[in-house]
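Comments concern the structure below.
Okay, here's the thing in structure tokens:
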């Protein structure tokens, strides 16, 4: 029996948002800033660019996860949260560990173990949501507006978080992340363009493992 993946609900995902998602992807590629999740093998990296582009252009995170869930695409090793990236730190906690296969397991005479489906789903959802959120921010800014609305995209989203108020000189001046609250699109876009593995200490919608996303303002 094949388990059918169900993607997240991206409230402002339409052709216009997809267009800006692809603009963001193009700029990452042209600037040499495209992020490759650390679990990708060499083959996985080669195919990831096409899979990501197709997902942003026509599909969703579930389609991207399905494309990545193939033999030879992901590294298989004993990995802790530091090697698996931000998404698993956010969802599983710093002590979470999982068994994944070494690339040469078959050559050593051991059978291939499976990468847990949840790991693949989280990785795909994180990157799709990051580009989706960037696309929404870019669309809003290009239309002359300045705010996007935060909403919960995953059941386990942590809403007891905060981030620095943009432009505030007071480092202690923070705003709580709250579903339904607006956030400055230019500020968020700049943060989401950074490498997802950079530790910023900020909890932002669209960031890996946050369980939060953004949509066009009401």
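Numbering (the numbering used here), first residue to last: 114 to 331. Think of the CB as a built atom: it goes at the ideal place given N, C-alpha and C, for glycine as much as any other residue. Computed from a predicted model, the values in this text were never measured in an experiment.
Whole angstroms are fine: how far does the CA of residue j sit from the CA of residue i?
| i | j | result |
| --- | --- | --- |
| residue 267 | residue 321 | 12 angstroms |
| residue 186 | residue 180 | 9 angstroms |
| residue 127 | residue 302 | 19 angstroms |
| residue 326 | residue 184 | 31 angstroms |
| residue 167 | residue 297 | 28 angstroms |
| residue 330 | residue 134 | 18 angstroms |
| residue 250 | residue 299 | 7 angstroms |
| residue 295 | residue 232 | 30 angstroms |
| residue 342 | residue 171 | Within the shown structure, residues of the chain are numbered from 114 to 331, placing residue 342 beyond reach of any answer. |
| residue 236 | residue 150 | 7 angstroms |
Between residue i and the ligand ADP, is there a pair consisting of the residue's CB and a ligand heavy atom that are separated by less than 6 angstroms?
| i | result |
| --- | --- |
| residue 137 | For the ligand ADP, the structure offers nothing, since it holds no ligand at all. |
Which residue comes first and which comes last in the alpha helix (DSSP H) that contains residue i?
| i | result |
| --- | --- |
| residue 294 | Where residue 294 is concerned, there is no enclosing alpha helix (DSSP H), given that its DSSP letter is neither H nor E. |
| residue 170 | 155-171 |
| residue 134 | 128-143 |
| residue 331 | Element bounds for residue 331: n/a, residue is neither H nor E. |
| residue 178 | 174-181 |
With residue i as the anchor, note down where its beta strand (DSSP E) starts and where it stops.
| i | result |
| --- | --- |
| residue 249 | Run containing residue 249: none in the beta strand (DSSP E); it sits in the alpha helix (DSSP H), 230-255. |
Return the chain-ordered list of same chain residues with a C-beta closer than 6 angstroms to the C-beta of residue i, the five sequence neighbours on each side being excluded.
| i | result |
| --- | --- |
| residue 284 | Since pLDDT at residue 284 reaches only 42, below the 50 mark, its modelled position is unreliable, and no value is offered. |
According to DSSP, what are the bridge partners of residue i?
| i | result |
| --- | --- |
| residue 264 | 326 |
| residue 187 | 153 |
Leaving aside the five residues before and after residue i along the sequence, list all residues of the same chain whose C-beta is less than 7 angstroms from its C-beta, in chain order.
| i | result |
| --- | --- |
| residue 119 | 175 |
Worksheet item: Counting Cβ pairs, one atom from each stretch, are 3 or more of them under 8 angstroms apart for the segment 150-165 and the segment 118-132?
Response: The segment 150-165 makes no contact with the segment 118-132: fewer than 3 CB pairs, one atom from each, lie closer than 8 angstroms.
Worksheet item: Can you find at least 3 beta carbon pairs, one from the segment 253-261 and one from the segment 162-173, that sit closer than 8 angstroms?
Response: no
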